[in-house]
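Each protein sequence line maps, in turn, to chains A and B.
For the first sequence, our numbering assigns the number -2 to the initial residue and increments by one for each residue that follows.
For the second sequence, our numbering assigns the number 7 to the initial residue and increments by one for each residue that follows.
Idealized CB from N, CA, C, for every residue including glycine.
In this text the structure is predicted, and so the values were computed from the model without any measurement.
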Amino acid sequence: DAKTTQPPSMDCAEGRAANLPCNHSTISGNEYVYWYRQIHSQGPQYIIHGLKNNETNEMASLIITEDRKSSTLILPHATLRDTAVYYCIVRTQGGSEKLVFGKGTKLTVNP
Amino acid sequence: EAGVAQSPRYKIIEKRQSVAFWCNPISGHATLYWYQQILGQGPKLLIQFQNNGVVDDSQLPKDRFSAERLKGVDSTLKIQPAKLEDSAVYLCASSLGTGFEQYFGPGTRLTVT
């Protein structure tokens, strides 16, 4: 079973920031938070991951709470092409633990 | 850099027939994964290879599913005989090694009638 809880769907206006929450209250000290997204009819795409510090790359920012029980993926200026299912996953890094996908959050960016 | 290649993209078969899917991972990636994604759900790992050895096949229905990666590069996933509940998208992914970011192919959409 997935170790995370996400809202099933969210809407966002084009050009605005999209903030996708994820709850992972049972995360252990050596587990990272990973985010993938899946655009319709494509395979999942890696976005970002982090342990406890906030992370930013060219695609998104990841904000992890101090107690690490929840996180937020931020798409600073959402575009129509960001419409996708976003998956939040917790796992160890470098280990053999597999990715366990839940149902994710369906983000719809509206014009 | 070329991505993960999969073929065919679509396949329709009748139940009890057999089918095979092919995957060519990103060059240099030692780890290869096959996932099954049923409509409305997230992908579920079926089998993981490290080079040509199996790391995890705990969720592979071994009575009907088989997979191989003989030369440690490309891989095939076979279903024989197919059931209606096997209708899904079959995704292949690869990574530099276990625990690294996974890169997914476009998937093969299988419909069993």
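State the beta-bridge partners of residue i as determined by DSSP.
{"i": "T117 (chain B)", "result": "B:I18"}
{"i": "H46 (chain A)", "result": "A:Y31"}
{"i": "E52 (chain A)", "result": "A:L59"}
{"i": "R88 (chain A)", "result": "A:Y29"}
{"i": "F98 (chain A)", "result": "F98 (chain A) pairs with nothing; no bridge assigned."}
{"i": "V10 (chain B)", "result": "Paired residues: none, contrary to the question."}
{"i": "N16 (chain A)", "result": "A:I71"}
Whole angstroms is fine: what's the gap from residue i's alpha carbon to residue j's?
{"i": "D64 (chain A)", "j": "T117 (chain B)", "result": "45 Å"}
{"i": "Y39 (chain B)", "j": "W32 (chain A)", "result": "18 Å"}
{"i": "A73 (chain B)", "j": "I18 (chain B)", "result": "20 Å"}
{"i": "P4 (chain A)", "j": "L72 (chain A)", "result": "16 Å"}
{"i": "S38 (chain A)", "j": "T23 (chain A)", "result": "32 Å"}
{"i": "G26 (chain A)", "j": "N54 (chain A)", "result": "23 Å"}
{"i": "G12 (chain A)", "j": "G111 (chain B)", "result": "29 Å"}
{"i": "A75 (chain A)", "j": "R70 (chain B)", "result": "43 Å"}
{"i": "G46 (chain B)", "j": "P14 (chain B)", "result": "22 Å"}
I need the DSSP call for residue i, collapsed to helix, strand or coil.
{"i": "D63 (chain B)", "result": "coil"}
{"i": "E11 (chain A)", "result": "coil"}
{"i": "E74 (chain B)", "result": "strand"}
{"i": "L90 (chain B)", "result": "helix"}
{"i": "L45 (chain B)", "result": "coil"}
{"i": "L38 (chain B)", "result": "strand"}
Counting only Cβ pairs nearer than 9 Å, list the residues of chain A close to residue i.
{"i": "F110 (chain B)", "result": "Y33, Q35, Q39, G40, P41, Q42 and Y43"}
Quick one: which chain B residues come within Cβ less than 8 Å of residue i?
{"i": "Y84 (chain A)", "result": "G48"}
{"i": "G47 (chain A)", "result": "Near G47 (chain A) there are no residues of chain B at all, since even the closest Cβ is about 13 Å away, more than 8 Å."}
For residue i, which residues in chain A fall below 7 Å Cβ to Cβ?
{"i": "L97 (chain B)", "result": "G40"}
{"i": "E107 (chain B)", "result": "Y43"}
{"i": "G113 (chain B)", "result": "G40"}
Can we count residue i as close to the ligand GTP, meaning its CB is less than 7 Å from some heavy atom?
{"i": "R115 (chain B)", "result": "No copy of the ligand GTP occurs in the structure displayed, which carries no ligand at all."}
So residue i contacts chain B; which residues on that side make the cut at Cβ distance below 9 Å?
{"i": "K120 (chain A)", "result": "Limits of chain A in this structure are -2 at one end and 108 at the other, which puts residue 120 (chain A) out of reach."}
Inset, instruction - Give the residues from the stretch 39 to 55 of chain B that approach chain A closer than 9 Å (Cβ to any Cβ), ordered along the chain. - result: Result list: Y39, Y41, Q43, G46, Q47, G48, P49, K50, L51 and Q54.
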